[in-house]
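Residue numbers (UniProt numbering), protein chains in the order written: chain A, 1 to 146; chain B, 1 to 146.
There are 2 protein chains.
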Amino acid sequence: MTPDVFTTWQAYQRMRVLLNSQINRELGRSTGLSEADYDILFFLEQSAETSVRSVALRCGLAWEKSRLSHQLRRMEQRGLIEKAPGAVIHLTDRGREQIAAARDCHEAAVRRYFGDVLSAEQLAALATISDQVVARLSEDLPHHVH
Amino acid sequence: MTPDVFTTWQAYQRMRVLLNSQINRELGRSTGLSEADYDILFFLEQSAETSVRSVALRCGLAWEKSRLSHQLRRMEQRGLIEKAPGAVIHLTDRGREQIAAARDCHEAAVRRYFGDVLSAEQLAALATISDQVVARLSEDLPHHVH
DNA sequence: AGCCATGGGTTGATGTGTCAACTCGTTGAT
DNA sequence: ATCAACGAGTTGACACATCAACCCATGGCT
């Protein structure tokens with residue numbers, strides 16, 4: 001492994017671990033939602049239609065099917081979502097409240113630790129880097145993507 | 001949240017999730033080690049001294065203490081490490097074999113999906129970005145760092 | 001028609017991460 | 001010398017992720 005690849009990988013790993021644990025800790029402390037909860041609720045809220053099929057969640061979030069199934073079961077038990085026949089999921093009023101409250105907290109944390117720290121050029125560079133890596137991964141996994 | 005921050009955050013999240021799940025899947029399939037196992041073993045092997053204190057692992061990996069405790073217990077049960085009195089940890093022969101075998105697999109995956117995809121400039125830019133974000137996080141957590 | 005191959009969804013077992021509460025030894029102040 | 005405070009480490013409970021094994025409907029194929 002080339003030394004600069006190794007160095008960058010180490011730095012990236014450190015950012016990845018610390019950044020996400022910090023954001024998730026803040027989110028959990030102030031709203032009681034996990035990252036998984038947030039991702040689901042955010043996706044449901046963004047897709048304006050009242051009915052979202054399970055499979056749309058799976059593709060949109062790139063989750064394993066069993067992970068989604070377990071997560072949706074837990075979230076239904078907590079009253080955040082409802083499952084309708086036909087593998088259709090929708091937000092409950094309670095879920096809508098929670099995601100609205102959580103978004104402020106989440107976006108503030110993303111801005112504080114991420115957006116405010118990087119220049120416009122750095123943001124653009126990181127977006128390109130991410131897209132390239134994701135494209136490379138998609139080559140090897142033609143079945144998960146479409 | 002500024003649109004470009006949001007866009008970059010989304011792209012970064014996608015890379016983070018897909019890249020690490022892919023590397024961990026390959027690592028687990030071909031060696032039976034998890035990412036956590038690998039991080040511990042790698043750290044132990046790199047620090048040439050035969051005796052590594054628990055707290056060095058915690059600082060080096062930026063892990064929570066309970067996480068480390070659980071992980072070390074599980075790894076001791078599998079014969080990968082040994083705990084000596086005084087919170088001292090060392091590799092077993094078995095652990096040394098496993099990390100040697102795993103490193104090839106892990107580094108190949110990092111090169112394939114990460115190092116080979118990015119230019120030298122991109123690698124340098126990502127290292128800088130990571131360091132800046134980590135520095136920002138460290139400001140808010142003066143107690144975890146030294 | 002009958003068949004089976006595929007993919008969506010569920011479940012249970014197991015491994016992993018987090019939090020809170022606890023023990024224990026050290027340190028520092030009174 | 002006593003006591004309180006702190007940090008290292010452990011533990012138990014719980015949430016979360018992954019894997020393998022299922023069920024079931026759909027869509028070809030013969």
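No residue lacks a Cβ here, since even glycine has one placed at the ideal position from N, Cα and C. It should be emphasised that the depicted structure is a prediction, and the values quoted were computed from it without experimental measurement.
- In the assembly as shown, B:R29 is an exposed residue. Its beta-carbon has fewer than 16 other beta-carbons within 10 Å.
- For A:R73, the nearest beta carbon of chain B is not closer than 7 angstroms to its own beta carbon.
- About 4 angstroms separates the CB atoms of B:T8 and A:A127; that is less than 8 angstroms, so the two are in contact.
- B:V117 has a beta carbon lying within less than 7 angstroms of a beta carbon in chain A.
- Rounded to whole angstroms, the separation of the alpha carbons of A:L68 and A:V52 is 13 angstroms.
- Sequence-distant Cβ neighbours of B:S54 in its own chain, meaning closer than 7 angstroms and more than five residues away, are L68, A87 and I89.
- Under the three-state reduction of DSSP, B:E82 is assigned to strand.
- Assignment of alpha helix (DSSP H) within the UniProt domain "HTH marR-type" (26-122) of chain B, counting only whole runs of 4 or more residues, yields 35-46, 54-61, 65-77 and 93-110 in chain order.
- A:I129 reaches chain B at L118, Q122 and L126, counting residues in chain order whose Cβ is nearer than 7 angstroms.
- Contact note: B:L137 reaches chain A through L18, L19, Q22 and Y113, using a C-beta cutoff of 7 angstroms and chain order.
- Contact annotation: A:I129 and A:E45 have beta-carbon atoms that are not nearer than 7 angstroms.
- For A:Y12, the residues of chain B that pass the 7 angstroms Cβ criterion are L126 and S130, in the order they occur in the chain.
- Contact check between the segment 17-32 of chain A and the segment 17-29 of chain B: fewer than three CB pairs, one atom from each, fall below 8 angstroms, which does not count as touching.
- The straight-line gap separating the alpha-carbon atoms of A:A11 and B:E97 is approximately 26 angstroms.
- Rounded to whole angstroms, the gap between the alpha carbons of A:F43 and B:K83 is 45 angstroms.
- For B:E97, no Cβ of chain A is located within less than 7 angstroms of the residue's own Cβ.
- Using a Cβ distance threshold of 7 angstroms, A:L41 and A:G115 do not count as a contacting pair.
- The CB of B:E107 comes closer than 7 angstroms to the CB of M1 in chain A, given here in chain order.
- By the neighbour-count criterion, in which a residue is buried when 16 or more other Cβ atoms sit within 10 angstroms of its Cβ, A:R136 is buried.
- Pairing A:Y113 with A:R14, the inter-Cα distance amounts to about 14 angstroms.
- Here the C-alpha atom of A:A101 lies approximately 12 angstroms from the C-alpha atom of A:A108.
- Per DSSP, reduced to three states, the secondary structure at B:M1 is coil, with no helix or strand assignment.
- Within chain B, the residues R14, M15 and L18 have their CB atoms less than 7 angstroms from the CB of A:V134, given in chain order.
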